[in-house]
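Below: the structure, in structure tokens.
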Amino acid sequence: VAGMTDPVIGRDDEIDRVVCILCRRTKNSALLVGAPGVGKTAIAEGLARRIAGGMVPAALAGARVVEVDLGAMVAGTQYRGMFEQRLKDVIKEAEDADGQVVLFIDEVHMLVGPGKTKGGSMDGANLLKPALARGRIRCVGAPTFDEYRKTQVH
């Protein structure tokens, strides 16, 4: 990501905060909540540039920022359980990387709902929660204010 993006200007404070959060042992995931177009993705790109440039603490040194394309993961899921399996594979790969992968999930609110079945409680967010709660994976999510508020009601 770092080699394919423009430099991020004026977002040092936000990137610093994300770096500090990602370096925690637990509760090491961040949400970048904001209106569309304010630069949430640019902050994730700035994070990737910092990591690639070696300008992060040892806990993040050598890590990769991987963007999770939820639209692509949902596309073509004809059968029950296909989306869940794809998401489980992403989570497992991040866990197996021992902290060397930071997942960036733009429009993270889309995880609430996909995979949910009538009468069931399983959805993408519920698959991600255990790994996040235990600090086994690092994640940066980017919902809009409106979508964040809607998902907080549940």
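Residue 33 in UniProt numbering sits at position 33 of the sequence shown, and the numbers go up by one each step. All C-beta atoms, glycine included, are put in the ideal place defined by N, C-alpha and C.
Relative to the C-alpha of T144, which candidate in A48, P36, G135 has its C-alpha closest?
P36
Can you find the residues in the same chain that come closer than 7 Å, C-beta to C-beta, to residue 160, ignoring five residues on each side of it along the sequence?
Outside the displayed span of the chain (1 to 154) sits residue 160, for which this structure offers no information.
With burial defined as no fewer than 16 other Cβ atoms inside 10 Å of the residue's Cβ, what is the status of D123: buried or exposed?
buried
For G119, does the three-state DSSP call read helix, strand or coil?
For G119, the pLDDT reaches just 47, beneath the cut-off of 50, and the residue's location in the model is therefore unreliable, although a value from the coordinates is still provided. For G119, the secondary structure class from DSSP, reduced to helix, strand or coil, is coil.
Option in M110, R24, V140 with minimal Cα separation from P57:
R24
Determine, using beta carbons only, whether A44 and V140 come nearer to each other than 7 Å.
yes
Does the beta-carbon of R80 have 16 or more other beta-carbons within 10 angstroms, so that it is buried, or is it exposed?
Around the beta carbon of R80, fewer than 16 other beta carbons lie within 10 angstroms, which makes this residue exposed.
Collapsed DSSP secondary structure at R134 in the structure displayed:
coil
Apart from the five residues just before and just after E95, which ones in its own chain have a Cβ nearer than 8 Å to its Cβ?
A131, R136, I137
Does V19 pass the burial test, meaning 16 or more other C-beta atoms within 10 Å, or should it be called exposed?
buried
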